[in-house]
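Colleague: Just dropping this structure here.
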Amino acid sequence: MENKTEKINVNKEELKKRLTPLQYQVTQEAATERPFTGCYNKHYEKGVYRCIVCQQDLFSSDRKYDSGCGWPAFNDVLDKGKITLHRDASIPGMVRTEVRCSKCSAHMGHVFDDGPPPKNLRYCINSASIDFVPLKPNSNIASGSPSTTASFSKGHVKK
């Protein structure tokens with residue numbers, strides 16, 4: 001089931017105050033954090049990963065796996081309507097598929113077709129573009145609506 005997500009406009013000046021410089025560069029300027037530096041690369045707690053800009057739920061920990069690429073990898077999204085895909089030819093000689101949040105258009109990372117079966121997808125996502133909401137007991141990740149408490153911080157990347 002795909003939900004239509006209502007788009008929002010983000011105030012860039014407010015984001016510069018709220019996000020770290022890296023989070024801003026990744027989400028607003030389509031930068032990529034260095035591999036193996038993001039705090040969610042080897043993070044396997046149960047819960048939901050969501051957009052750091054607008055807090056839209058995007059990925060479930062149930063779909064996270066260690067791809068060895070140096071960034072958090074997921075084999076699916078919570079709902080196809082939560083992301084948009086865009087052609088990215090920013091690297092000469094290489095065409096990739098960029099992943100953006102459908103609600104605020106923040107850059108998340110890229111999706112590749114070398115993931116595990118059955119979908120063979122690898123959503124390669126910057127830790128700086130997401131936040132994590134741990135799963136509370138008796139909640140359901142698959143529903144996309146975990147009963148959780150969020151904590152937002154600027155400490156997403158190792159120094």
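Oh and the sequence shown: position 7 is 7 in full-length UniProt numbering, straight run, nothing missing. C-beta: ideal position from N, C-alpha, C; glycine also.
Determine the extent of the beta strand (DSSP E) in which Leu85 is found, giving its start and end residues.
Modeller: Numbered from its first residue, the sequence shown carries residue 85 at position 85. First-last of the beta strand (DSSP E) with Leu85: 83-91.
Colleague: Taking Thr97 as part of the alpha helix (DSSP H), name the residues at either end of that continuous run.
Modeller: As a working note, residue 97 is residue 97 in the sequence shown. Not the alpha helix (DSSP H): Thr97 falls in the beta strand (DSSP E), residues 94-101.
Colleague: Taking the C-alpha atoms as reference points, what is the distance between Leu15 and Phe36?
Modeller: Here residue 15 refers to the residue found at position 15 of the sequence shown. Here residue 36 refers to the residue found at position 36 of the sequence shown. Going from the Cα of Leu15 to the Cα of Phe36 covers about 25 Å.
Colleague: Check this for me: beta carbons of Val26 and His107, under 8 Å apart or not?
Modeller: Sequence index remark: in the sequence shown, residue 26 carries index 26 (1-based). Sequence index remark: in the sequence shown, residue 107 carries index 107 (1-based). Yes, the pair counts as a contact, with Cβ atoms nearer than the cut-off.
Colleague: Name the two residues that bound the continuous alpha helix (DSSP H) containing Arg50.
Modeller: Position 50 of the sequence shown, counted from the first residue, corresponds to residue 50. Run containing Arg50: none in the alpha helix (DSSP H); it sits in the beta strand (DSSP E), 47-51.
Colleague: In angstroms, rounded to a whole number, what distance separates the CA positions of Pro117 and Lys64?
Modeller: To locate residue 117, count along the sequence shown from 1; it is residue 117. To locate residue 64, count along the sequence shown from 1; it is residue 64. When rounded, the distance between both Cα atoms is 13 Å.
Colleague: Between which two residues does the alpha helix (DSSP H) containing Arg18 stretch?
Modeller: The sequence position of residue 18 within the sequence shown is 18, counting from 1. Note, Arg18: alpha helix (DSSP H), 12-18.
Colleague: Excluding the five sequence neighbours on either side, which residues of its own chain have a C-beta within less than 7 Å of the C-beta of Ala89, listed in chain order?
Modeller: Working through the sequence shown from its first residue, we reach residue 89 at position 89. Contacts found: Val95.
Colleague: Return the chain-ordered list of same chain residues with a C-beta closer than 6 Å to the C-beta of Ile83, the five sequence neighbours on each side being excluded.
Modeller: As a working mapping, residue 83 is identified with position 83 in the sequence shown. Val77, Val99, Ser102.
Colleague: For chain B, check one thing: does any of its Cβ atoms lie closer than 8 Å to the Cβ of Lys46?
Modeller: Given the protein chain composition of this structure (a single chain), no chain B is represented.
Colleague: Arg34: buried (16+ other C-beta within 10 angstroms of its C-beta) or exposed?
Modeller: Position 34 of the sequence shown, counted from the first residue, corresponds to residue 34. Flag for Arg34 reads exposed.
Colleague: Specify, as a first and last residue, the run of the alpha helix (DSSP H) that Tyr44 falls within.
Modeller: Translated into the one-based positions of the sequence shown, residue 44 becomes position 44. Careful: Tyr44 lies outside any alpha helix (DSSP H) and carries neither H nor E.
Colleague: In angstroms, rounded to a whole number, what distance separates the CA positions of Pro92 and Pro137?
Modeller: The residue given as residue 92 occupies position 92 in the sequence shown. The residue given as residue 137 occupies position 137 in the sequence shown. Computed Cα separation, rounded: 47 Å.
Colleague: Using a 10 Å radius around the Cβ and a threshold of 16 neighbouring Cβ atoms, would you call Tyr49 buried or exposed?
Modeller: Here the question's residue 49 lines up with position 49 in the sequence shown. Under this definition Tyr49 is a buried residue.
Colleague: Between Gly109 and the rest of its own chain, which residues show a CB-CB distance below 6 Å, the 5 nearest in sequence each way excluded?
Modeller: On the sequence shown, position 109 is the one that residue 109 refers to. Excluding positions up to five away in sequence, the list reads Val99, Cys124, Ile125, Asn126.
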